[in-house]
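The numbering of the sequence shown is the working numbering, which starts it at 733 and goes up by one.
For every residue, glycine included, the Cβ atom is placed at its ideal position computed from N, Cα and C.
Below is one structure, written out as structure tokens; comments come after it.
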Amino acid sequence: MNQTTTSPVARGPERVAIYPGSFDPLTNGHVDIITRGAAIFDRIIVAILHNREKSSPLFTVDERMDMARIVFAHEPKVVVASFGGLLVDFARQQGAHVIVRGLRAISDFEYEFQMALMNRRLVPELETVFMMPAESYTYISSRLIREVFALGGPIAGLVPEIVETRMRSTRPPDEPRS
Ligand code: PNS
Numbered sequence: 733m734n735q736t737t738t739s740p741v742a743r744g745p746e747r748v749a750i751y752p753g754s755f756d757p758l759t760n761g762h763v764d765i766i767t768r769g770a771a772i773f774d775r776i777i778v779a780i781l782h783n784r785e786k787s788s789p790l791f792t793v794d795e796r797m798d799m800a801r802i803v804f805a806h807e808p809k810v811v812v813a814s815f816g817g818l819l820v821d822f823a824r825q826q827g828a829h830v831i832v833r834g835l836r837a838i839s840d841f842e843y844e845f846q847m848a849l850m851n852r853r854l855v856p857e858l859e860t861v862f863m864m865p866a867e868s869y870t871y872i873s874s875r876l877i878r879e880v881f882a883l884g885g886p887i888a889g890l891v892p893e894i895v896e897t898r899m900r901s902t903r904p905p906d907e908p909r910s
């Protein structure tokens, strides 16, 4: 196939993927997807969104980056970064060819499909690849983790240990309601 020379996505020898999200907090489902991505790609960039709309995040973007770096300290293929603006612009800037997104259930599909097609419209050469986490993580989401934690429920095994420790030290959960 003829490789276009006008492609807006830089094509180096490395297969670079970008895995974007809010990661507030990083869950074991995210860790599972990143680990699977690292087995396929030469580099996987965990790209944490600076989300201006979100009024009360659990962790700052710097704190989220720090925890992700600690979790993947042993894996040189995983790079942690933050971005604002359009994902496709950041992906281009980083020389990524692929956007990785996790699909947990059919309910994720509609939103993911819309995003994938919009991103394709913006940069046709950037392919979105969906990956499934291990079955045991299919019900985990950052939103549910925040909710269970805030109401005093256990979150062990759902997030990396460093995340649980920092959640407990920075934001003690509410007293369980009687
Ligand atoms: O944590 P999330 O909500 O699953 O992540 C959503 C994310 C960060 C992938 C999406 O909101 C995003 O890409 N935002 C950057 C702005 C952008 O490019 N918007 C157009 C998407 S089609």
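By the Cβ rule, the segment 863-880 counts as touching the segment 757-768, because three or more pairs are nearer than 8 Å. Put simply, of 863, 799 and 827 the residue whose alpha carbon is nearest the alpha carbon of residue 771 is 863. Closest in alpha carbon position to residue 822, among 884, 890 and 851, is 851. The C-alpha of residue 886 is placed about 38 Å away from the C-alpha of residue 826. Under the Cβ criterion (8 Å, minimum of three pairs), the segment 831-841 does not count as touching the segment 805-814. Rounded to whole angstroms, the gap between the alpha carbons of residue 765 and residue 816 is 22 Å.
In the three-state reduction of the DSSP assignment, residue 893 falls in the helix class.
Sixteen is the threshold: since fewer than 16 other Cβ atoms of the shown chains lie within 10 Å of the Cβ of residue 782, the residue is exposed. Between residue 891 and residue 757, the C-beta spacing is below 9 Å. Going by C-alpha positions, residue 893 is about 34 Å away from residue 858. Pairing residue 835 with residue 754, the inter-Cα distance amounts to about 15 Å. Runs of the alpha helix (DSSP H) lying entirely within the segment 742-828, each at least 4 residues long, are 760-772, 793-803 and 819-826 in chain order.
DSSP places residue 870 outside both helix and strand once states are collapsed to three, so it counts as coil.
Nearest C-alpha to residue 848 among 819, 870 and 868: 819.
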